[in-house]
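Chains as they are written, first to last, in my numbering: chain C, 1 to 533; chain R, 534 to 914.
Okay, so here's the structure we're looking at.
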Amino acid sequence: MTDAAHAHSHDDHSHGDHGHHAPPSGMMRWLTTTNHKDIGSLYLWFALIMLFTAGSMALLIRAELFQPGLQLTNPDFFNQLTTMHGLIMIFGVIMPAFSGFANWQIPLMLGAPDMAFPRMNNWAFWILPVAAILLMGSFLLPGGAVAGGWTMYPPLFIQGGISYDLTILAVHIMGLSSIMGSINIITTVLNMRAPGLTLMKMPLFCWTWLITAYLLIATMPVLAGAVTMLLTDRNFGTSFFNAAGGGDPVMFQHIFWFFAHPEVYILILPAFGIVSSIIPTFARKPLFGYASMVYATASIAILSFIVWAHHMFSVGMPAAAQLFFMFSTMLIAVPTGVKVFNWVATMWKGSMTFETPMLFAIAFVCLFTIGGFSGLVLAIAPVDIQLHDTYYVVAHFHYVLVSGALFSIFAGIYYWLPKWSGHMYDETLGKWHFWLSVIGMNIVFFPMHFLGLAGMPRRIPDYALQFTEFNQIATYGAFIFGFSQLIFLVVVLKAARGGVRATDRVWEGAEGLEWTLPSPAPYHTFETAPVVK
Amino acid sequence: MSIRQRAVMAGTAWAASQPVWAEYAYNLQIPASKVAQDVFDLHNLIMLVCLGIFIVVFGAMFYSLLKHRKSVGHKAAHFHENTTVEVIWTVIPFVILMGMAYPAAKVVIDMKDTSNPDISIKVTGYQWKWGYTYLNDGVSFYSTLSTPRDQIEGTAAKGEHYLLEVDEPMVVPVGKRVRLLITANDVIHSWWVPALGAKQDAIPGFIRDSWFKADKIGTYRGQCVELCGKDHGFMPIVVEVVSEADYKIWLDKKKGAATTAAADDSKTFDQAELMARGEKVYAGNCAACHQANGMGLPGAFPAISGSKVATGPVDAHIALVMNGRPGTAMAAFGGQLSDADIAAVVTYQRNAWDNKTGDAVQPAQIAAARGGAEAAAPAAQ
């Protein structure tokens, strides 16, 4: 590896920054690229397009729920919207965006020239649009898109038309993409760190992604197994989930949540890594409790395999099982609490400034914790049974995924965009984006706690009159939140095209190998490995 | 009453007295059973704990945000670990959690104890209605949404109990332990009445149980809470809790109605009677998918108007209605509807809209078909 890097750097000196492998131009550059920066950008653009796609579906959902009665959609189309919104936001937005960060940042943070398997990296990305086309295209098929919920519970999922089979195929492809991406990340992190950069010295972002990658490799095959059984139940006469043939519909839920609970942490651990990079920079103070952060991340990952049935308290299980899953779930609050305390302790006695990345990171800590508290409420089995499948759960996971995962993605983009593009983003617009997002987000999702407590089920297109006021408030918030994302689009496009030149270090308090590089980071970097002391 | 409960009650009373909150339902429904009360108290307890932690942690964070900023000239310290502090803030949350786990575990065990019921009711979820069978008394009926279609579509003003009203509520006596044996006929549903604190998924092919004991006479409303297809939002649950005496009267009435319905199965009707009855049965069982105009929803639910089945041989039509179509949302109605109702609805489908077969199907034909059909596919009930 080191020899190859040396050879490259020799060539570079004679040809300047762009190296001897000038990329092909136009479309072919992007289709055939094996460069981690190109692939990182592709993931991020893909996630942005999908964010607007699935976000529009959310606005349509909120518009329908503005008042009781059926106004804009029929119940079947409404179910298609909620299902696709969930599938796309999870598999098409959050996961690809984190993969984008991993591709851009892990080699830069480790001082590696690229990812370990660049060609597989190309594949891991380019099969994603195929999955997206399968999913989105199914809106045009007879019967419309899949409407059985993103959780795909049989027997309802067995009833659907051709789009359900396409969804299974799309889930397989997305799983394959994640597994390839994970193999790449694990190999890169374990083998390609710069000399002197030991595991316990590398940035926490690399740690969170390393652990996430293991979670993906462990659980994606489980999901593949579950949806394959759905496929054969649907088409080849098997009865895995059909009681009449000796199967059990609840077995699907066990298998699915054995995947999907670790998946929840797949969607949040990289966010922890991003926030743990940002807060020390703007507090101008090293991350507090680095080692305990690593151990907390690992404990969360391990615990995530023994809590799955807390998603299923209402299916009816023996009291002993309910108690086990209740206790194990409550235990997760301990390492998660450690993380929050560490972030607050990092800010404590710092010298803070509040640029947009820091604002999003602080909002993350505060609002993600609200999601954590509602998670604790839901961990209590008797309360969960009362609140399961209501808007309380919708509020809970949107606090975790919107003000958690999505806000960390915004924070990370604002933080690293100057390094990637070479231009500072527009700070005024960034602040507008932040304040409108944080206010809008709370107006949408906070009232949903009340709706759930008062008894409004989730996934319904129409509701009883006592739920009207909070639904109207939520819809106003959704439109504020949704449209303020256009500001984000403008900020990103502006910074990509030009603007104030970014310095190499970009932020006064920034520490780490990526900040030793020029801005924008050259097409090939660290062809000679840096030495970390 | 503990101090905590007093504080919560006072808080609730204050909030309820504020006019601006009058129309907002923002907390768990007022409990009408011990389990629901336990859940209510448990939720209040956890909320108070969370609120306390939130104030302490984010009080510290916001203090830091105000005081430890560069703009007020604060210089950064350089500490980055402290084992004592880190051990303390790992242990304290653990202890708090144990304090929460103990009362929660007691409620879990109470909720799971379905022994010694006074009444047992079998609850069956269908796409999209509920069926109730009183196992001690042999009374059995279906409960469907009674909100008129025009209220949903916005052409009529919405009533007080919009979407939370049914034609036939479940009726139970006050102060009795009611055991629910919950299952489903097609896909997974979930039976929930918030004020009674009872929620249990209805799983096809399996029976799971739950229980409640209502403390107060009244009407309690809930909904299906597991996505079960198109009309998931339109299958409410209504439980009427009545006095022991009223319950007896209601039971007698239901038994009388069952006798009348059974008598219908041996009658012969004329075409007009069948059409009138069939239209009602169609509205209650078929229109959700196939639509009131018989046109279905293209791609999802086939049209009946002009269909090969409804204009072809009558025996095949009866067989489809009775046995359903496996692997689709078309349920087997043989076990759900009486002979007279099936006869009426088949007659209606064969003569309504564009279908002009002129057929009049009699209950006797259904009884004959049942002989063969039941041997092949036993009815659900």
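Every residue, glycine too, gets a C-beta built ideally from N, C-alpha and C.
Length of the line joining the Cα atoms of R:Ile642 and R:Ser653: Looking at the two C-alpha atoms, the distance is approximately 20 angstroms.
Establish whether the CB of R:Leu729 and some CB of chain C are separated by less than 7 angstroms. Under the 7 angstroms criterion on CB atoms, R:Leu729 is classed as non-interfacial with respect to chain C.
Tell me, to the nearest whole angstrom, how far the beta carbon of C:Ser484 is from that of C:Ser437; I am working on the premise that it is less than 8 angstroms. So it is a contact: roughly 5 angstroms between Cβ atoms.
According to DSSP, is C:Gly289 part of a helix, a strand, or is it coil? In this structure, C:Gly289 counts as coil in the three-state DSSP scheme.
Using a Cβ cut-off of 7 angstroms, pull out every chain R residue sitting near C:Leu323, in sequence order please. Under the 7 angstroms cutoff, chain R gives Ala638 and Val641.
On the criterion of 16 or more Cβ atoms from any shown chain inside 10 Å, does R:Trp554 qualify as buried, or is it exposed? Because the pLDDT at R:Trp554 is just 43, under 50, the model does not fix this residue reliably, and the value given afterwards should be weighed accordingly. Classification for R:Trp554: exposed.
R:Glu920, DSSP secondary structure in three states: The structure shown has nothing for residue 920 of chain R, since chain R only spans 534 to 914.
Own chain residues within Cβ distance below 8 angstroms of C:His254, not counting five before or after: These residues qualify, in order along the chain: Trp308, Ala309 and Met312.
Is the Cβ of R:Ala555 closer than 7 angstroms to any Cβ of chain C? With a pLDDT of only 42 at R:Ala555, under the threshold of 50, the placement of this residue in the model should not be trusted, and no figure is reported.
Separation of C:Gln105 from C:Ala283, as counted between CA atoms: Going by the C-alpha atoms only, they are around 21 angstroms apart.
Output, in sequence order along the chain, the residues in the region 559-581 of chain R whose CB is closer than 8 angstroms to any CB in chain C. Contact residues of the region 559-581 of chain R toward chain C are Tyr559, Asn560, Leu561, Gln562, Val568, Ala569, Asp571, Val572, Leu575, His576, Ile579 and Met580 (C-beta to C-beta distance below 8 angstroms).
List, in chain order, every chain R residue whose beta-carbon is nearer than 7 angstroms to that of C:Gln466. Residues of chain R whose Cβ lies closer than 7 angstroms to the Cβ of C:Gln466 are, in chain order, Ala558.
Under 9 angstroms from the C-beta of R:Ala609: neighbouring residues of chain C: Close to R:Ala609, with beta-carbon spacing below 9 angstroms, are these residues of chain C in chain order: Ala283, Arg284, Lys285, Lys349, Gly350, Ser351, Met352 and Gly509.
Closest to R:Pro727 by CA distance: which of R:Ala862, R:Ala565, R:Gln898 and R:Val894 is it? R:Pro727 has its Cα closest to that of R:Ala565, out of R:Ala862, R:Ala565, R:Gln898 and R:Val894.
7 angstroms Cβ cutoff met for C:Leu110 and C:Arg193: Taking 7 angstroms as the Cβ cut-off, C:Leu110 and C:Arg193 qualify as a contacting pair.
Can you tell me whether C:Leu401 is buried or exposed, with buried defined as 16 or more other CB within 10 angstroms of its CB? So C:Leu401 ends up on the buried side.
Would you mind telling me which residues of chain R sit closer than 9 angstroms to C:Arg505, beta carbon to beta carbon, in chain order? By Cβ distance, chain R contributes nothing, its closest Cβ being about 16 angstroms from C:Arg505, past 9 angstroms.
Test item: CB-CB of R:Asp798 and R:Ala901 under 7 angstroms: Not a contact, by the Cβ cut-off of 7 angstroms.
Contact under 7 angstroms by Cβ, C:Gly452 with C:Thr390: Taking 7 angstroms as the Cβ cut-off, C:Gly452 and C:Thr390 qualify as a contacting pair.
Can you grab the Cα-Cα spacing for the pair C:His423 / C:Val506, in whole Å? Computed Cα separation, rounded: 10 angstroms.
Cα-Cα separation, C:His396 to R:Asn856: Distance between the alpha carbons of C:His396 and R:Asn856: 42 angstroms.
Is the CB of C:Arg459 under 7 angstroms away from at least one CB in chain R? For C:Arg459, the answer is yes, since a Cβ of chain R falls inside 7 angstroms of its Cβ.
In the DSSP assignment, find the alpha helix (DSSP H) that holds R:His823 and state where it starts and stops. Looking at the DSSP string, the run of the alpha helix (DSSP H) that includes R:His823 is Ala820 to His823.
Is R:His635 close to chain C? Criterion is C-beta to C-beta, closer than 7 angstroms. Correcting the residue identity first, residue 635 of chain R is Tyr in this sequence and not His. So no, R:Tyr635 is outside the interface.
Using the Cβ count rule (16 or more neighbours within 10 Å means buried), how would you classify C:Trp257? Counting the other Cβ atoms within 10 Å of the Cβ of C:Trp257 gives 16 or more, which makes it buried.
Contacts around C:Gly246, its chain only, beta-carbon distance under 7 angstroms, and the 5 residues preceding and following it disregarded: Non-local C-beta neighbours of C:Gly246 in its own chain, meaning closer than 7 angstroms and more than five positions away in sequence, comprise Ser239, ordered along the chain.
Please work out which residues of its chain come closer than 6 angstroms, Cβ to Cβ, to R:Val572, disregarding the five sequence neighbours upstream and downstream, and give them in chain order. If we look at R:Val572 and ignore the five residues flanking it on each side, its Cβ neighbours are Gly730.
How is the beta strand (DSSP E) around R:Gln733 delimited, first residue to last? According to the DSSP assignment, R:Gln733 belongs to the beta strand (DSSP E) that extends over Ala731 to Ala735.
So what does DSSP say about R:Asp742, is it helix, strand or coil? Strand at R:Asp742.
How is C:Glu508 classed by DSSP in three states: helix, strand or coil? In the structure shown, the three-state DSSP call for C:Glu508 is coil.
Endpoints, alpha helix (DSSP H) assigned at C:Ala97: Taken as a continuous stretch (DSSP letters only), the alpha helix (DSSP H) holding C:Ala97 covers Met95 to Leu110.
Buried/exposed call for C:Lys285, threshold 16 Cβ in 10 Å: Around the beta carbon of C:Lys285, a 10 Å sphere encloses 16 or more other beta carbons of the protein chains shown; the residue is thus reported as buried.
Is R:Glu773 helix, strand or coil when you go by DSSP? The three-state reading of DSSP puts R:Glu773 in strand, counting E and B together.
Counting contacts by CB-CB distance shorter than 7 angstroms, is R:Val704 in contact with chain C? Using beta-carbon distances, R:Val704 does not count as an interface residue toward chain C, since no partner is under 7 angstroms.
Roughly how many whole angstroms lie between the Cα atoms of R:Leu870 and R:Ala836? Looking at the two C-alpha atoms, the distance is approximately 21 angstroms.
So, helix, strand or coil for C:Thr516, using DSSP? C:Thr516 falls in the helix class under three-state DSSP.
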